[in-house]
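Residue numbers (this note's numbering): 1317 to 1467.
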């Protein structure tokens, strides 16, 4: 089984969306997708209501997700770790114990060559339109990534 972890700051906006979208595109018998945040702000909380709403509009249910914090043991249990932006990438890398850990970490948008800015914007302080934009960005990249992973 291939294990994928997507990581943002609080694990209530971007990473639950990426988690739900990517999970919907991969066969569950071969892939396990999870998400986490680098900060402890929202541990145990559901995703932001706007993330839930936008995902539901597109047929993805993330309402059962519970936020958790990234931990060093995630390096052991994940084959791929995708950070939503450079800040979270650096936070993850700072916890790496060796080059094998570092080799598992990439920016999520590195998989999408049509996007020049490789940072998924954080919609938390924005409007529903910002969540829609992030969903579309994650959806397009998840299509590319899922095709690559299934090869």
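A virtual CB, placed ideally from N, CA and C, is assigned to each residue, including glycine.
Which of the three DSSP states is assigned to residue 1319 in this structure?
Position 3 of the chain shown, counted from the start, is the residue given in the question as residue 1319. Correct three-state label for residue 1319: strand.
Between which residues of its own chain and residue 1444 is the CB-CB distance below 8 Å, once the five residues before and five after are set aside?
Taking the chain shown and counting its residues from 1, the one referred to as residue 1444 is at position 128. If we look at residue 1444 and ignore the five residues flanking it on each side, its Cβ neighbours are 1366, 1369, 1370.
By DSSP, does residue 1397 sit in helix, in strand, or in coil?
By one-based count along the chain shown, residue 1397 stands at place 81. Three-state result, residue 1397: strand.
Do you know offhand how far residue 1322's Cα is from residue 1390's?
Along the chain shown, one-based indexing puts residue 1322 at 6. Along the chain shown, one-based indexing puts residue 1390 at 74. In a straight line, the C-alpha of residue 1322 is about 11 Å away from that of residue 1390.
Contact defined as beta carbons within less than 8 Å: I believe residue 1372 pairs with residue 1459. What is the distance between those atoms, to the nearest angstrom?
The residue labelled residue 1372 in the question sits at position 56 within the chain shown. The residue labelled residue 1459 in the question sits at position 143 within the chain shown. No, residue 1372 and residue 1459 are not in contact; Cβ-Cβ is about 19 Å, not under 8 Å.
Please tell me whether residue 1434 and residue 1396 are closer than 9 Å, where the distance is taken between their beta carbons.
The residue you call residue 1434 lines up with position 118 of the chain shown. The residue you call residue 1396 lines up with position 80 of the chain shown. Going by C-beta atoms, residue 1434 is not nearer than 9 Å to residue 1396.
Excluding sequence positions up to five away, which residues of its chain have a Cβ less than 7 Å from the Cβ of residue 1327?
As a first step, residue 1327 must be located in the chain shown, where it is residue number 11. Answer for residue 1327: 1351, 1352, 1353, 1358, 1383, 1384, listed in chain order.
Can you tell me which of the three DSSP states residue 1391 falls into?
Against the chain shown, residue 1391 aligns to sequence position 75. Note: residue 1391 maps to helix in three-state DSSP.
Return yes when the Cβ of residue 1329 is within less than 9 Å of the Cβ of residue 1431, no when it is not.
Your numbering for residue 1431 matches position 115 in the chain shown. Your numbering for residue 1329 matches position 13 in the chain shown. It is not a contact, given that the beta carbons lie outside the stated cut-off.
Assign residue 1360 to one of two classes, buried (16 or more other C-beta atoms within 10 Å of its C-beta) or exposed (fewer than that).
Stepping through the chain shown from its first residue, residue 1360 is reached at position 44. With fewer than 16 Cβ atoms within 10 Å of its Cβ, residue 1360 is classed as exposed.
Sheet register partners of residue 1423 (DSSP bridge)
Here residue 1423 is taken as the residue at index 107 of the chain shown, counted from 1. According to DSSP, which records beta bridges pairwise, residue 1423 is partnered with 1399.
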